[in-house]
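Residue numbers (my numbering): 25 to 654.
Where a beta carbon is used, it is the ideal one built from N, C-alpha and C, also for glycine.
None of the values given here were measured: they were computed from a predicted structure.
Let me begin by presenting the structure, written as structure tokens, before commenting on it.
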Ligand code: FAD
């Protein structure tokens with residue numbers, strides 16, 4: 025077997041985005057020895073790209089905001105499929121997590137009276153997103169890195185070693201989780217991206233914080249790390265993935281020029297007054313307000329514009345409907361021939377804000393369009409269209425501790441975890457999710473490691489098998505990894521995109537099966553030292569089963585809800601709301617799909633909604649005995 029470098033820790037955190045850093049800080053503060061492993065550079069996680077902000081009902085801009093309103097908005101956004109306990113924890117703990125960041129040095133934008141400013145976002149009743157211009161994720165990561173440095177300085181003072189209790193392994197990719205014979209987590213196996221040398225981490229508790237799956241799709245706002253690694257690692261270790269059919273297509277990605285297609289245009293543009301128009305200049309969103317949202321959204325331009333200046337006395341603009349609604353509306357306009365020359369629609373902020381306001385409130389958007397598309401957004405509308413942005417599905421966890429169901433010692437937080445956002449995530453709810461559940465998973469992992477008697481030992485056979493699997497692409501001359509990846513992305517875009525049918529899902533599953541066989545025969549040339557084709561070959565091992573989970577769950581769910589739209593089942597069905605699609609992986613690599621009935625929501629939380637609203641989502645049987653129910 026090739027040489028393997030070994031390290032031993034109490035808690036291993038995979039991922040250095042918001043969720044990973046928050047989990048690592050928490051576990052370290054509980055006295056654990058913690059390692060953070062990330063395949064990108066430290067500081068370059070996906071979280072850095074987050075623009076709009078972090079949702080927390082602090083009530084700084086509108087005093088009517090409370091955790092209860094945030095709870096209801098999040099459930100409505102997720103079309104009541106969310107894990108209600110996760111939502112409860114999220115909305116109750118969000119303000120504390122934002123204030124904590126501030127106490128660690130985060131510099132949020134301020135209100136005129138000096139409090140943390142909050143902005144409007146789709147689906148949020150009140151201005152709720154704490155932000156730093158349109159670079160909020162960067163500040164979040166900067167602050168937590170600073171916190172990590174502070175903890176390392178404490179360790180230096182106490183032990184003469186900065187890395188005594190918290191060490192970062194950057195540009196190191198984990199390819200397999202290692203379990204003991206009884207199924208408990210014992211560690212993880214990976215390789216250094218530059219040298220290709222193997223590395224083994226022994227740890228009884230592993231927190232997955234590896235983010236999303238966007239690189240399985242062709243048009244995406246996601247960066248290169250998003251190959252569904254954590255989802256696939258969890259599957260292979262015996263965990264369960266839920267809600268994988270729900271993929272969020274953000275309504276506004278750049279559509280032109282082709283080299284930047286998919287790059288995100290933050291919802292903050294609409295939050296700050298930007299409006300959507302079709303090629304004829306018509307504000308088409310008024311035509312797409314669904315029945316369930318009719319009471320909350322304006323039905324005329326006059327009312328929508330009045331809301332911008334007097335939000336307490338008017339209904340909000342439908343430009344700020346939840347993302348699934350806006351993405352579908354844009355797709356429908358383009359399909360009806362009312363789109364822009366490059367297959368999008370227009371997003372105009374130039375007629376709503378002064379050039380100076382645009383440059384100070386949306387500096388990244390201004391530069392992004394100027395430099396990448398030669399468009400000055402202070403004078404010209406942006407051309408935008410849907411882009412694959414976020415996966416609501418992920419590892420099924422215990423809400424309170426982040427423990428992955430079915431694999432003792434495995435924890436998950438952030439985008440890799442499922443449940444919190446139901447069928448559709450509201451903008452701004454991810455950054456909060458990272459803080460709330462990153463902290464909880466760090467705490468859960470620390471307590472688990474602390475209370476463990478004898479630690480599970482890493483099986484040398486499993487290490488050998490992991491090394492063999494990683495080296496397999498060098499042993500065969502065959503398929504080209506890039507060609508397989510391109511075909512995978514095209515398949516997902518064409519067949520498993522915004523609007524789906526049974527025939528397309530079946531075709532996708534067949535195609536994915538053939539791609540899986542091609543991926544197993546991928547061969548790479550050269551050696552292990554920084555070899556991108558080899559890295560991609562290993563990423564394909566993760567992307568393919570994850571893509572299959574999306575297609576299988578999408579085939580099974582015969583209704584339209586949130587991020588899952590079926591042309592052949594266009595209605596939302598209360599009977600399907602109760603059911604979660606659960607994916608597991610068989611020993612031969614095949615994906616198995618089962619259904620699980622959701623736990624009923626607690627009565628006090630149900631009581632936050634009017635009975636007439638609940639009737640739109642729940643079955644009669646579920647509402648029997650509930651207030652107003654018969
Ligand atoms: P990430 O931040 O992606 O971190 C994942 C980490 O895992 C990385 O360090 C990566 O290197 C590592 N990793 C992955 N695989 C491996 C492996 N095999 N081995 C080792 N390490 C691995 N949400 C909001 O709430 N508000 C916003 O304003 C907002 N804006 C956004 C703007 C853009 C352009 C995008 C793309 C997303 C935005 N989101 C926003 C969503 C949000 O940014 C993400 O959902 C969130 O940052 C995910 O954080 P995470 O900690 O789960 O993962």
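| Check | Outcome |
| --- | --- |
| Can you give the Cα-Cα distance for residue 654 and residue 285, rounded to whole angstroms? | With a pLDDT of 46 at residue 654, under the threshold of 50, the modelled position of that residue is not reliable, and the figure given next carries that caveat. The alpha-carbon atoms of residue 654 and residue 285 are separated by roughly 51 Å. |
| Can you look up residue 503 in the DSSP assignment and give me helix, strand or coil? | strand |
| From which residue to which residue does the beta strand (DSSP E) around residue 206 run? | Looking at the DSSP string, residue 206 is not in any beta strand (DSSP E), and its letter there is neither H nor E. |
| Given this structure, state the Cα-to-Cα distance separating residue 324 from residue 362, to the nearest angstrom. | 20 Å |
| Going by DSSP, what residue range makes up the alpha helix (DSSP H) through residue 109? | 108–127 |
| Mind checking which residues open and close the alpha helix (DSSP H) that includes residue 394? | 387–397 |
| How many angstroms separate the CA atom of residue 576 from the CA atom of residue 563? | 20 Å |
| Would the stretch 433–447 and the stretch 253–273 be scored as touching if the rule is three or more Cβ pairs under 8 Å? | yes |
| Helix, strand or coil, according to DSSP, for residue 132 in the structure here? | coil |
| Per DSSP, residue 615 forms a beta bridge with which residues? | 609 |
| Out of 384, 260, 414 and 397, state which residue places its alpha-carbon closest to the alpha-carbon of residue 275. | 414 |
| Based on Cα-Cα distance, which residue from 149, 144 and 109 lies nearest to residue 157? | 144 |
| Does the structure place the stretch 606–622 close enough to the stretch 588–596 that three or more beta carbon pairs sit under 8 Å? | no |
| List the endpoints of the continuous alpha helix (DSSP H) containing residue 169. | 160–183 |
| Check whether the Cβ of residue 61 lies closer than 6 Å to any heavy atom of the ligand FAD, and answer yes or no. | yes |
| By alpha-carbon positions, which one of 202, 437 and 227 ends up nearest to residue 257? | 202 |
| Does the Cβ of residue 527 have 16 or more other Cβ atoms within 10 Å, making it buried, or fewer, making it exposed? | exposed |
| Apart from the five residues on each side of it in sequence, which residues of its chain come closer than 8 Å, Cβ to Cβ, to residue 460? | 113, 114, 117, 118 and 121 |
| Check whether the Cβ of residue 276 lies closer than 7 Å to any Cβ atom in chain C. | Any reference to chain C falls outside this structure, which holds one protein chain only. |
| Scan the stretch 25–84 and note each continuous beta strand (DSSP E) run of 3 residues or more that stays entirely inside, going in chain order. | 28–32, 35–38 and 58–62 |
| In whole angstroms, give me the CA-to-CA distance for residue 433 and residue 427. | 7 Å |
| With DSSP as the reference, label residue 509 as helix, strand or coil. | helix |
| With 16 as the cutoff for other CB atoms within 10 Å, does residue 394 come out buried or exposed? | exposed |
| For the ligand FAD, is there any heavy atom lying closer than 6 Å to the beta carbon of residue 43? | yes |
| Taking the alpha helix (DSSP H) that residue 329 falls in, what are its first and last residues? | 325–333 |
| With three or more C-beta pairs closer than 8 Å as the rule, is the stretch 490–504 touching the stretch 331–345? | no |
| Keeping to the same chain, check which residues put their C-beta closer than 6 Å to that of residue 399; ignore five residues upstream and five downstream. | 393 |
| Could you tell me which residues DSSP puts in a beta bridge with residue 142? | 154 |
| Per DSSP, what kind of secondary structure is residue 533 in: helix, strand or coil? | helix |
| Output the distance between the C-alpha atoms of residue 491 and residue 222, rounded to the nearest integer angstrom. | 8 Å |
| Grab the span of the alpha helix (DSSP H) containing residue 561 for me, first residue to last. | 556–580 |
| What does the Cβ neighbour count give for residue 280, buried or exposed, with the cut at 16 atoms within 10 Å? | buried |
| Considering only their Cβ atoms, is the gap separating residue 161 from residue 73 smaller than 7 Å? | yes |
| Can you give the beta carbon distance from residue 167 to residue 412, rounded, assuming they're within the 8 Å contact cut? | Not really, about 28 Å apart at Cβ, beyond 8 Å. |
| Residue 408: which of 302, 648, 516 and 544 sits nearest, CA to CA? | 302 |
| For residue 256, does the three-state DSSP call read helix, strand or coil? | helix |
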